[in-house]
Each structure stands twice: as C-alpha cells, then as structure tokens.
Amino acid sequence: MRLLATGRAVRFTWSKRSGTISRAKLWINVNIQYQQRPQSTAAHTAAPTFKSPVKAPALEVDGKLYSVDDWTNVPASILSFLPRKLHLQPSHPVSITRQVIESNFPSPTYTHYNHLHPIVSVAQNFDSLGFPQDHPGRSRSDTYYLNKDTVLRTHTSAHEAEIFRDNKSEGYTISADVYRRDAIDRSHYPVFHQMEGARMWDRRKVLGGDVAKAVWKDLELLPKHNLEVEDPNPTIHPERNPLQAEHHTTEEAEAIAAHLKKSLEGVVVELFSRARNAAAAAGNADANAIEPLRVRWVEAYFPFTSPSWELEVFWQGDWLEILGCGVTKQELYINAGVPHKLGWAFGIGLERVAMLLYSIPDIRLFWSNDPRFLSQFSTLEKISTYVPFSKYPACYKDVSFWLRSSSSSAGGGSKANAQDFHENDVMEIVRDVGGDLVEDVRLTDEFTHPASGRKSFCYRINYRSLERTLTNEETNQLHDDVRKSLVEKLGVELR
Ligand code: DAH
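In numbering that gives the first Met the number 0, the protein residues as written are 0 to 494.
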C-alpha cells in the first residue's frame, strides 16, 4: 500500500504498564460516556411512549465531543499519546531530527507548522488528497477512527489542502504525530512522527510567466553538494510516472522535479554526514558506518502526486526507504482555491531517520522517560551515537487459538470469524495489555482444519522491558491477560 510506505518504515507501539508514561500527568480528557436509554415500559400497559431525547454515545477528547458509531476503533491507550508530542520535546531525538530537517527549509520561504491537531476529518486525511474509496489505507484495520467521519491522522499530508488554502508562503514544513494500526516489532509503533514539506510557484507572479525558468533559477540558489545520486529513470514515464499533461508542460515538471530532488538530497547529505561524523567520533570502525553515502531515487505512486518518487539510502547493507515525494496533483491547488500555483511536496518519517542518525535499535525507546535514554541527546549541533544502557532478558510465550467458524452467529459483529479476522486486531490487543513490554509479535503457525474448515493461528509474543528485568510472575500475568482479552474481544477459542 503505497500511501503508507513512508510511515511503515517508522511504526511503533505504545505503552501502559511500562511505567514510562505517568498517567497522572496526562491532561487529555478521554471520557467515553454511554448514556442510558429510559427503561422500557411494559408493552401491554398502553402507556404513552416516552420520547426523551436519548443522546448518542460520545467520546470526549481535548474538550471536544465525538459521537461514537460502528467505525469507532480508537482505544483510550492510543488517545493517551496525543499529549506527548515528541517532535516538540526539547533535546528529544525526534525533535532534534525535526530541527535538522527544518534547517534545510528556512523561513521566510518556508513557514513551519508544528502544532496541528491530530484529529482530522476523513475528508482531510483521504478525500482532499484524491484517495479512491477502496484504498486500503481507509480500512478500519489500518486506521484509527473516532467515528465514520473522523480519524487520527495517518500522515501529515492530511493538512496539505488547508495549508494550500491558507496560502501564507511559497513553502512550508509540518511536523506532527501520526497514527496507524500496525504490526509490533522494533521498527513499528502505532504512533510516530512525520515531517511534510512543500514548495510552490505562482504562474501569475514568476517573471514573464515562465515557471520552468523561475524554478531553475531558484534551484541555482540551493546549497551545492557533491553526493553521487543514482537516478536511472526518466523524470516522466507515460505509464509508470506520468506527466499531468492537462496542467503542466514537460519543462515545468522537469524543473519542479529537479528542484525537489536537489532540495531533498541536501537534507540527506546533512543528516547522514552528521550520522557518519557521530559514528566516526564514537570510534566505530564498522566499514558500513563510514562507507561513502549511497542514495537512489526510485519511481513511486501516491494518489496526490504525479510523477512521484521515493528516496532510498544504502545503510548497513540494505536500501532503506526514507521519504516519499512528487509533483503535487494540480487538483489539490484547484480545490484549495489557488489554481495558479504548482509545485512539489514530500513526507519523511522522523523516527526512522532518527534511528539511523543515532543508531537507536528499538523504536519503543523514543517513548521512554528513562534518563539513561533521554540524557544522551542534547542539541542539533552535537549528534552522537546512542549507547545502549543495558539489554534485559527477553521471554517469549506462544498463544494459539481457533477463529470462530464463519457460520457462527454468536458474539456480534466485532468478533473475529474467518472473514473479518485481521492480524492488526491481535496486535492491538497485545499492545493494549502489554504496552511497551512487548518487543515483537510474530505469526508462527497457521492451520485450517481439513474437516471443519476452521482456522487456527499461533502467535509468538516476545516480552522484554527496555528498562529492567521482568519477573516470571509478571510475564505470566501479562500473557494470561492477553489470552483472556483475545477471547473477550475477538471471541476466539484458545487451544
Ligand atoms: N504521505 C505519504 C506517506 O505517508 C508521504 C508523502 C508522499 C507525502 C508524497 C507527500 C508526498 O507530501 O508528496 O507515505
């Protein structure tokens, strides 16, 4: 699923029991109120029907009420992350990474938006960006819905349209927390941070109306780098990466793409030269840490850009996707009331970049309040390789269960039968119980009974604290709670 690519790299999990979040400190007001219906009067008494206004159930977040419906799937544990805002916490690696990237997009050309609220409409998150109705990103298994019209933003692009409409400056960056239901492992967490950037030109304002010329002129002003970048494909390919021919000339798209690529290459040079200096300063003799930086552009698809690309960096033996970008679809500007503008946009995952920048091995660490973690980061001038303070023992436990057969009618719509079972529901339950004490969850066995057709799954849950050794009793209790919760919430039958 293309949309989610950039963030997929960056996913995390949350915590409850780890003790890393002090619930008392959270100012968020999460309050699910189910209002009582009036007691029904006995039918045969012919009493007049009592028509009191029955309020629908509602969810209160930050003083605002959201009605609850069949789409609601956001647990209170996830809402408790809203106040954290790691991208704004001084000396936090996510915030330092944000500032390093921001420094490449200076004001007044770029306005920096860092305080946009994470609850957005489905229209903002998907419709305004041209997501088709059947795009998998819209599904309840991938996205947290407050109700059918309202979600926790899944990407910073949710704000593109409103900022285009705002029309404050030629460019902007947004940094923000974003939310996606996903797997549990060391690089995935349901809350993470992205940075979005965009730059546009105004047909009515550029000299002689020659956009391509104006863009090339601006490109000349960008800092030079001598990084060798692999870019084997043509900027425009009629099938794979088409020009928006009804809106742009080839020259315009070529110029915008060149400015986009040069700007982002500048970001990568900045980030990775800092990382390499840090590794060298730490005396890291690992050949990968000091090998020449290799970067490549690959063709991509996003519903809101064309042509589109991803940027990959060769890091410790693998090509790693760090951002998505492209020439913004003209419909976005038209719908935002600025049809004379055209330009580019990108989105980058901050935790993924921070993990590379500091060699941070586990995404859960970003949420830690442990001074042994937090004290290692200071300013953006002083990037140094993270030193693990300890590795505590892991303990894995398996859970196997049968799904209900699809013909079974017991239990109601949210219970897992063969058709509507989604692995992310298991992940959510495990996180809800185990929080940051769960390092990863993997499917180890899947089986369909030959006679009954019933399906069975086995998941291996790896419990490990980043901050202390877990006791046996504690792990057993957690696992027991996970098993109970799977039965209660998914209606599975334990094996
Ligand atoms: N929103 C995309 C994601 O989350 C990343 C992205 C791609 C942002 C292209 C953009 C863009 O602004 O133009 O994967």
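All C-beta atoms in this analysis are idealised placements derived from N, C-alpha and C, irrespective of residue type, glycine included.
Exercise for review: Using the Cα positions of Lys15 and Ile118, report the straight-line distance between them to the nearest angstrom.
Suggested key: Interpretation of Lys15 is limited by its pLDDT of 24, a score under 50 that renders its predicted location unreliable; no figure is taken from the coordinates.
Review point. Candidates Leu341, Gly136, Glu227: which alpha carbon is nearest Val210's?
Key: Of Leu341, Gly136, Glu227, the residue nearest in Cα terms is Leu341.
Exercise for review: Give every residue of the same chain whose Cβ lies closer than 8 angstroms to the Cβ of Leu331, excluding the five residues on either side of it in the sequence, and list them in chain order.
Suggested key: Ser127, Leu128, Gly129, Glu159, Ala160, Phe163, Phe303
Check your understanding: Around the C-beta of Ser39, are 16 or more other C-beta atoms found within 10 angstroms, so that it is buried, or is it exposed?
Key -> In this prediction, Ser39 has a pLDDT of 34, which is less than 50 and means its spatial position is unreliable; what the coordinates show is noted afterwards. Exposed, by the Cβ-count rule.
Practice item. Answer yes or no: do Asp397 and Cys324 have a C-beta to C-beta separation smaller than 7 angstroms? Key: Cys324 sits away from Asp397, with the two beta carbons spaced by 7 angstroms or more.
**Study point:** Rounded C-alpha distance that separates Val432 from Pro74
**Key:** 12 angstroms
Exercise for review: Using three-state DSSP, classify Tyr332 as helix, strand or coil.
Suggested key: helix
Exercise for review: Taking only the alpha-carbon atoms, compute the straight-line gap between Tyr385 and Glu195 and give it to the nearest angstrom.
Suggested key: 26 angstroms
Check your understanding: Using DSSP with H/G/I as helix, E/B as strand and the rest coil, what is Asp419?
Key -> coil
Check your understanding: Residues bridged to Trp318 by DSSP?
Key -> Phe313
Review point. For Tyr462, which of Asn72, Gly336, Asp184 has the nearest alpha-carbon?
Key: Asp184
Point to revise | Beta-carbon proximity list for Leu292, same chain, < 7 angstroms, skipping 5 on both sides | key: Leu226, Phe271
Review point. Anyone know if the C-beta pair for His258 and Leu218 falls short of 7 angstroms?
Key: It is a contact, given that the beta carbons lie within the stated cut-off.
Practice item. Confirm the yes/no value for this check: CB of Phe130, any heavy atom of ligand 2, distance under 6 angstroms. Key: The model on display carries ligand 1 but not ligand 2.
**Study point:** Three-state secondary structure (DSSP) of Trp296
**Key:** strand
Check your understanding: Near Arg7, what residues of its chain come up, given a Cβ to Cβ distance below 6 angstroms and the 5 sequence neighbours on each side ignored?
Key -> Bear in mind that a pLDDT of 33 at Arg7, under 50, signals an unreliable position, so the number given afterwards is only what the model happens to contain. Nothing meets the Cβ criterion.
Check your understanding: How should Ala254 be labelled, buried or exposed, when 16 other C-beta atoms within 10 angstroms of its C-beta is the threshold for buried?
Key -> A residue is called buried when at least 16 other Cβ atoms come within 10 angstroms of its Cβ; Ala254 meets this threshold and is buried.
Check your understanding: Quick one: does the C-beta of Ala344 sit closer than 6 angstroms to a heavy atom of ligand 1?
Key -> yes
Review point. Straight-line CA distance for Gln375 to Ile362?
Key: 16 angstroms
Exercise for review: Please say whether Val190 and Phe80 have beta carbons closer to each other than 7 angstroms?
Suggested key: yes
Point to revise | Classification of Asp439 by the beta-carbon crowding that lies within 10 angstroms, buried from 16 upward | key: buried
**Study point:** Host beta strand (DSSP E) of Ser102 (start-end)
**Key:** That residue, Ser102, is in no beta strand (DSSP E); it is neither H nor E in DSSP.
Point to revise | Leu151 - DSSP class collapsed to helix/strand/coil | key: In the three-state DSSP reduction, Leu151 falls in the strand class (E or B).
Practice item. For the alpha helix (DSSP H) containing Phe456, list its first residue and its last residue. Key: Per DSSP, Phe456 belongs to no alpha helix (DSSP H); it is in the beta strand (DSSP E), 454 to 462.
Review point. Does Pro392 come within less than 7 angstroms of chain D when only Cβ atoms are used?
Key: The chain labelled as chain D is not found in the depicted structure, where only one protein chain is given.
Check your understanding: Identify the residues that DSSP records as bridge partners of Ser358: which are they?
Key -> In DSSP, Ser358 forms no bridge with anything.
Review point. For the 8 angstroms Cβ check, are there 3 or more pairs between the stretch 443 to 450 and the stretch 197 to 209?
Key: These segments do not touch.
Review point. Thinking just about the alpha-carbon of each residue, which of Ile460, Gln98, Thr172 is nearest to the one in Ile428?
Key: Ile460
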